[in-house]
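Asks:
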Amino acid sequence: MGTAIFPASPILSLTIDGTTATLQWTSVASAQSYRIYQDGSFIIKLEGLTHSLDIGTGTNTCFTVTSVNSYDTESPSSNEECGQGS
Numbered sequence: 055m056g057t058a059i060f061p062a063s064p065i066l067s068l069t070i071d072g073t074t075a076t077l078q079w080t081s082v083a084s085a086q087s088y089r090i091y092q093d094g095s096f097i098i099k100l101e102g103l104t105h106s107l108d109i110g111t112g113t114n115t116c117f118t119v120t121s122v123n124s125y126d127t128e129s130p131s132s133n134e135e136c137g138q139g140s
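Convert by adding 54 to the 1-based position in the sequence shown; the result is the number in the working numbering.
Structure follows, in structure tokens:
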């Protein structure tokens, strides 16, 4: 049985405009998709490098992203980015 090869972790950035959080992350060469986590919980799987969502007002929320390769192996989490809507 072989050793799993983990893809690299993307680097995440977050911008907030009002109540809209926009996440952007770096491309990972071996990634087939990316998984976004909000406050530690999985929210969506995407193939692109950006995602926007409504986060409401006044509550601090944190995000991380992982990359997933063709073997469905998930990378360690990206850096965590946090903010709150206004």
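In this text, a Cβ means the ideal position worked out from N, Cα and C, and glycines have one as well.
What is the DSSP secondary structure of F60, counted as helix, strand or coil?
Replies: On the sequence shown, position 6 is the one that residue 60 refers to. Of the three classes helix, strand and coil, the one that applies to F60 here is coil, per DSSP.
Asks: Okay, do the stretch 94-101 and the stretch 124-132 touch, 3+ Cβ pairs below 8 Å being the bar?
Replies: no
Asks: Could you check which residue in P130, S121, E135 and Q138 has the C-alpha nearest to that of A85?
Replies: Here the question's residue 85 lines up with position 31 in the sequence shown. Minimum Cα distance to A85 is reached at S121.
Asks: Any idea which residues DSSP pairs S67 with across the strands?
Replies: If you number the sequence shown from 1, residue 67 lands on position 13. Q78.
Asks: According to DSSP, is E135 helix, strand or coil?
Replies: Counted from its first residue, the sequence shown places residue 135 at position 81. The answer is strand: DSSP assigns E135 an E or B state.
Asks: Given a cut-off of 8 Å, decide if T73 and G137 are closer than it, judged by their beta-carbon atoms.
Replies: Walking along the sequence shown from the start, residue 137 turns up at place 83. Walking along the sequence shown from the start, residue 73 turns up at place 19. In this structure, T73 does not lie closer than 8 Å to G137 by Cβ.
Asks: Which two residues bound the contiguous beta strand (DSSP E) that contains Q92?
Replies: Counted from its first residue, the sequence shown places residue 92 at position 38. S87 to Q92 is the span of the beta strand (DSSP E), which, as asked, contains Q92.
Asks: Counting only the same chain and skipping the five closest in sequence on each side, list residues whose C-beta sits under 6 Å from that of V119.
Replies: Here residue 119 is taken as the residue at index 65 of the sequence shown, counted from 1. Counting only Cβ-Cβ distances below 6 Å, and skipping sequence neighbours, we find P64, L66, W79, Y88, I90 and S132.
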